[in-house]
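Novice:
Number of protein chains: 2
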Amino acid sequence: MSAIDPVRPEAGSPKRQLILDAAAILFTAHGYGAVSMDAIARSAGVSKATLYAHFGSKDQLFATIITEACHAMFDWPGAMSADGADLRTALIALGQRVLRFFLEDGTLALYRVVVAESARFPELGRAFYESGPATGRRLLGAWLAEQAGAGRLRVPDPPLAAEQFVALLRAGLYFRATLGVPPAPTQAEIDTTVAAAVDIFLAAYAHPRAG
Amino acid sequence: MSAIDPVRPEAGSPKRQLILDAAAILFTAHGYGAVSMDAIARSAGVSKATLYAHFGSKDQLFATIITEACHAMFDWPGAMSADGADLRTALIALGQRVLRFFLEDGTLALYRVVVAESARFPELGRAFYESGPATGRRLLGAWLAEQAGAGRLRVPDPPLAAEQFVALLRAGLYFRATLGVPPAPTQAEIDTTVAAAVDIFLAAYAHPRAG
DNA sequence: GTCTATAGAAGGATAGAC
DNA sequence: GTCTATCCTTCTATAGAC
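Residue numbers (my numbering), protein chains in the order written: chain A, 18 to 228; chain B, 18 to 228.
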């Protein structure tokens, strides 16, 4: 498997991992243009020549790092587990996890970099979209279809409903957080946003026969 | 008025306007880091020294341009006019205008630049947030409150409902467009998204007594 | 105010020794 | 593979003439 994957360094080179770690931190924190190869080499504790021996160019290193980060960042199965309790409680818990994940520093930082550079590195946009929104829509859509099958929801288009639920979670706080406009979101605001999203979602999609 | 505003060049210098126009196009198209002062000077047809005579530094020029663009880009009063017809028709027309505006090349390009540089230029994030999301929420919230006053809606929190309506418009297409992931949104997709947003919005907020 | 020319610094990438 | 030292380009910003 590792013989095919062009990214994995045969898991053998320790310096390579140092470079990957340092570059990931710097690139996500400051963006492509603001990070020099000198800074990465310094931060990783290696020479620039070593850096170029592992990755042919700054573009290549950047694309490798960010693409990998997009695949690694999202943990949808964890966020999508919502069983047991009644539907509203399950949706609240699920919305809390998803929205809090959206608002994490690391998530926002990666999103900013990908948005900024998606024009010059189209593969970044694709990797983020597939790992994030597309996968989330699939998993949440499947869960909603399941609930519909159990008679708790009436959802004609599960993927669309999934998109709408997640979009409602982004109402209010998300732009402020993405643009770095103070004040930082509070837990109370998160609670309010999630509750409002669940309310409107259930008003539209709750099965009439269920509560 | 123009004596107070630090941005306006007393409307006197023709070269200054050339610089502003050229810089606006280049910065929004390629971002801060990828645009050099040489390129701006060349594109504006002036020398670099002239450029520095009008704007003290690249940072200053960039912040001026982008802040101005944020204020100028949004034309909410136009987008928010929705009178006459019945509520659903009005919301559909309003949603169409807003979503199409979101998906315009210029809007997306400006958003990408602001997201990318909001960490290093906090005033950009603030300017965009105030001119865009905050103003839109105020205007649409007022319109919704008006509709509620006329008995066509039941909206306990108009600004929140406004945020939710706009968030629903961003479901589906918006990430794809922001990240530049093909295929480009079609008019049919826009129609579907807007209709779905209006449906769920009215299911939650339509007054029971109105149709 | 506007130009030409250039200073001075920083960045990406490589040569050559080990 | 890894280092040191360096090349070459590009960039921001300025000096000085007009």
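Positions of the beta carbon are idealized from the N, C-alpha and C atoms, including for glycine.
What does residue 78 of chain A pair with, by DSSP beta-bridge criteria?
Specialist: Bridge partners of residue 78 of chain A: none, in fact.
Novice: For residue 43 of chain A, which residues from the same chain have a beta carbon less than 7 Å from its beta carbon, with the 5 sequence-adjacent residues on both sides left out?
Specialist: Same-chain partners within the cutoff: 52, 56, 57, 60.
Novice: Using only the alpha-carbon positions, how far apart do residue 111 of chain B and residue 181 of chain B sit?
Specialist: One C-alpha to the other measures close to 14 Å.
Novice: Report the three-state DSSP secondary structure of residue 144 of chain A (helix, strand or coil).
Specialist: Here residue 144 of chain A sits in helix by DSSP.
Novice: For residue 125 of chain A, which residues from the same chain have a beta carbon less than 7 Å from its beta carbon, with the 5 sequence-adjacent residues on both sides left out?
Specialist: The answer, listed in chain order, is 194, 195.
Novice: So which residues on chain A does residue 142 of chain B lean against when the C-beta distance must stay under 8 Å?
Specialist: Within chain A, the residues near residue 142 of chain B are 196, 197, 198.
Novice: What residues in the segment 125 to 152 of chain A bring their beta carbon closer than 7 Å to a beta carbon of chain B?
Specialist: Against chain B - using a Cβ distance shorter than 7 Å - the residues of the segment 125 to 152 of chain A are 129, 131, 132, 133, 135, 136, 139, 142, 143, 145, 146, 150.
Novice: Within 8 Å: the Cβ of residue 135 of chain A and any heavy atom of the ligand COA?
Specialist: The ligand COA is absent from the structure shown, which contains no ligand whatsoever.
Novice: How many whole angstroms separate the CB atoms of residue 162 of chain A and residue 175 of chain A, which I take to be in contact at a CB cut-off of 8 Å?
Specialist: That belief holds up - the Cβ atoms of residue 162 of chain A and residue 175 of chain A are roughly 4 Å apart, short of 8 Å.
Novice: Would a check of beta-carbon distances place residue 208 of chain A closer than 9 Å to chain B?
Specialist: Taking Cβ atoms only, chain B never reaches closer than 9 Å to residue 208 of chain A, which makes this a no.
Novice: Would a C-beta distance cut-off of 9 Å place residue 127 of chain A and residue 90 of chain A closer than the cut-off?
Specialist: Cβ atoms of residue 127 of chain A and residue 90 of chain A: closer than 9 Å.
Novice: Any C-beta of chain B sitting closer than 9 Å to the C-beta of residue 91 of chain A?
Specialist: Not closer than 9 Å to any Cβ of chain B, the Cβ of residue 91 of chain A fails to qualify, so no.
Novice: To the nearest angstrom, how far is the alpha carbon of residue 178 of chain B from that of residue 158 of chain B?
Specialist: Going from the Cα of residue 178 of chain B to the Cα of residue 158 of chain B covers about 7 Å.
Novice: How would you label residue 113 of chain A, buried or exposed, when you count the other beta carbons within 10 angstroms and need 16 or more for buried?
Specialist: It is buried - the Cβ of residue 113 of chain A has at least 16 other Cβ atoms within 10 Å.
Novice: With burial defined as no fewer than 16 other Cβ atoms inside 10 Å of the residue's Cβ, what is the status of residue 135 of chain A: buried or exposed?
Specialist: Classification of residue 135 of chain A: buried, given that the 10 Å Cβ count is 16 or more.
Novice: Can you tell me which of the three DSSP states residue 99 of chain A falls into?
Specialist: If DSSP states are grouped into helix, strand and coil, residue 99 of chain A belongs with coil.
Novice: Would residue 69 of chain B count as contacting chain A if we go by Cβ distances under 9 Å?
Specialist: With 9 Å as the cut-off, residue 69 of chain B does not count as an interface residue toward chain A.
Novice: My output table needs one value for residue 223 of chain A: the three-state DSSP class, helix, strand or coil.
Specialist: The answer is strand: DSSP assigns residue 223 of chain A an E or B state.
Novice: I'd like to confirm the pairing. Which residues does DSSP put opposite residue 170 of chain A in its beta bridges?
Specialist: Answer is A:223.
Novice: Against residue 112 of chain B, what residues of chain A qualify as contacts under a CB-to-CB distance less than 7 Å, listed in chain order?
Specialist: The premise fails here: residue 112 of chain B is roughly 13 Å from chain A at the closest Cβ pair, so nothing lies under 7 Å.
Novice: Give me the residue from B:146, B:73, B:79, B:155 with the minimum Cα distance to residue 39 of chain B.
Specialist: Per the Cα distances, B:79.
Novice: Using DSSP with H/G/I as helix, E/B as strand and the rest coil, what is residue 215 of chain A?
Specialist: Reduced to three states, the DSSP call for residue 215 of chain A is helix.
Novice: Among the residues of its own chain, which have a CB less than 6 Å from the CB of residue 218 of chain A, if the five just before and after it don't count?
Specialist: 182.
Novice: Residue 117 of chain B versus chain A: which residues are under 7 Å apart at the beta carbon?
Specialist: Going along chain A, no residue has its Cβ under 7 Å from residue 117 of chain B, so there is no contact; the nearest lies around 17 Å.
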